[in-house]
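What follows is a single structure, written as structure tokens, with notes after it.
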Amino acid sequence: MADVIRAVGLRKTYGDIHALDGLDLAVPEGTITALLGPNGAGKTTAVRILATVLDADEGFAEVAGIDVRKDPNGVRSRIGLSGQFAAVDEYLTGYENLEMVGQLYGLGRKRSRDRARELLEMFGLADSADRPVKTYSGGMRRRLDVAGALVARPPVLFLDEPTTGLDPRSRTDLWEMIVGLVKEGATLLLTTQYLEEADRLADDIVVIDHGRAIAQGTADQLKARVGGERVEIAVGAGADLPAARALLQQLGSGDVVVDEHTRRLTAPVTGGAGVLMEALRGLDALHIAVVDIALRRPTLEDVFLTLTGHSTAEDAAVDGAGTQARR
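In my numbering, the protein residues as written are 279 to 605.
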């Protein structure tokens, strides 16, 4: 299976910040590859370079066999791009937005109109087609933006955090649409911070941090790298975290990860339910109140914790506090 998207040694700096630091990437035809990483890992920068919106400082990239630097127009004729924020004209109707995109792609008036109606139906926007976009909800605008990326039926799609800000129902609907597009032959590069999204959609996952790929594989392969079972405990008071951590360090088979924000501790273990019972007895002896305790198999969150050293919940808290994220 040929690689439709390929990048070797991509580098991009902004002053002292290394947004990309030698990123390598390969996306086979007819598949979904997810770029998974914390805020500031370089996901959006990578997409912008591959979509010819941004020039790399160093490295090589090609899309559909076309060098992105030598022939950017050739690349643009073969891709669809939906960025983090819906790029739609709120004073036009949904129909007018899509028709305009078709005209810009040179589809002609009739084909542009037909394609606009087809996509509005596909994305559940037909009933709102003739309303100004400024009256649309955030989820409707997001769907319209993704529809705009599909007007010219591009063989390659770049979706940069496409479900950010969507409610659970809209997110699930968009997932189904994405899967349908790939079944029809599209190749898709998806960036996301949602672990469930990567787990459900991606044929291959590339975990990036500090501008470079630090792991790659299917969801199952990445989980296997972490290995074993996990005891996960949430305690009632933050002051009890050190004692609980010391106990789990004795009972577990590896380093204990502590999330102070949620007062949750996670430890790799061997011995299954027996270790769980020992942990409960030990916590009771230390008079530590337990809010939740579970034994489970590794998840992508464990992969994320192991590879990046922090959880996605911490990422969300930092981003929500207004920290400048390196994209």
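In this text, a Cβ means the ideal position worked out from N, Cα and C, and glycines have one as well. Note that the structure is predicted; figures quoted are calculated from it, not measured.
Taking DSSP as the reference, what is the three-state secondary structure of proline 546?
-> In the structure shown, proline 546 adopts extended strand secondary structure according to DSSP, grouped into three states.
6 Å CB neighbourhood of alanine 334 in its chain, flanking five on each side removed = Hits under 6 Å: Leu288, Lys290 and Ile327.
As assigned by DSSP and simplified to three states, the class of tryptophan 360 | Checking the sequence, you will find serine at residue 360 rather than tryptophan. For serine 360, the three-state secondary structure derived from DSSP is strand.
Reference valine 553, options Lys501, Leu526, Asp562 and Ala563, closest by Cα | Taking only the C-alpha atoms, the option nearest valine 553 is Leu526.
Counted within 10 angstroms of its Cβ, other Cβ atoms place arginine 354 as buried (16 or more) or exposed | Burial call: buried.
Nearest neighbour of threonine 311, chosen from Ala493, Leu519 and Thr584 [CA to CA] | Of the candidates Ala493, Leu519 and Thr584, the residue whose Cα lies closest to the Cα of threonine 311 is Ala493.
Please indicate yes or no: does the CB of alanine 497 lie closer than 8 Å to some heavy atom of the ligand SAM?
-> The model depicted lacks the ligand SAM and carries no ligand whatsoever.
Name the residue from Glu454, Val460 and Val434 whose alpha carbon lies nearest to the alpha carbon of arginine 421.
-> Arginine 421 has its Cα closest to that of Glu454, out of Glu454, Val460 and Val434.
Cβ atoms of leucine 398 and alanine 430: under 9 Å apart, would you say?
-> Not a contact, by the Cβ cut-off of 9 Å.
Pick out whichever of Thr309, Val535 and Tyr383 has its Cα sitting closest to the Cα of phenylalanine 582.
-> Restricting attention to Thr309, Val535 and Tyr383, the CA atom closest to the CA of phenylalanine 582 is found in Val535.
Of all the options Val366, Asp533 and Ala280, which has the alpha carbon lying nearest to the alpha carbon of leucine 585?
-> When each option's Cα is compared against that of leucine 585, the closest is Asp533.
Work out the CA separation of leucine 444 and leucine 376 for me, nearest whole Å.
-> C-alpha separation (whole angstroms): 21 Å.
Can you tell me where the alpha helix (DSSP H) with glycine 417 in it begins and where it stops?
-> Note, glycine 417: alpha helix (DSSP H), 416–427.
Rank Ile456, Pro446, Arg419 and Asp451 by C-alpha distance to the C-alpha of valine 434 and give the top, closest one.
-> Ranking the options by Cα distance to valine 434, first place goes to Ile456.
Inspect the CB distances between the stretch 561–575 and the stretch 506–526 and report whether three or more fall short of 8 Å.
-> Note that the stretch 561–575 touches the stretch 506–526; at least 3 beta-carbon pairs, one per stretch, sit closer than 8 Å.
DSSP state of lysine 348, grouped into three classes?
-> Coil, per DSSP.
Helix, strand or coil at valine 534 according to DSSP, with G and I counted as helix = Here valine 534 sits in coil by DSSP.
Among residues of its own chain, excluding the 5 on either side of lysine 412, which ones have a beta-carbon nearer than 6 Å to its beta-carbon?
-> Contacts found: Glu368.
Contact between the stretch 494–514 and the stretch 540–553: three or more CB pairs below 8 Å?
-> Three or more Cβ pairs drawn from the stretch 494–514 and the stretch 540–553 lie within less than 8 Å of each other, which places the two stretches in contact.
Counterpart residues of alanine 235 in DSSP-defined beta bridges = This structure leaves residue 235 out entirely; the chain is present only between 279 and 605.
Of all the options Gly514, Ser531, Ala464 and Met555, which has the alpha carbon lying nearest to the alpha carbon of aspartate 537?
-> Closest by alpha carbon: Gly514.
Could you say which of Asp482, Ala285, Asp392 and Arg389 lies nearest to glutamine 499 if we only look at CA atoms?
-> Answer by Cα proximity: Asp482.
CB-CB under 8 Å to leucine 370, same chain, minus the five flanking residues each way: which ones, in chain order?
-> Answer for leucine 370: Met378, Pro410 and Val411, listed in chain order.
Best match in Glu396, Leu428, Ala342 and Asp345 for proximity to leucine 382 [C-alpha to C-alpha] | Closest by alpha carbon: Leu428.
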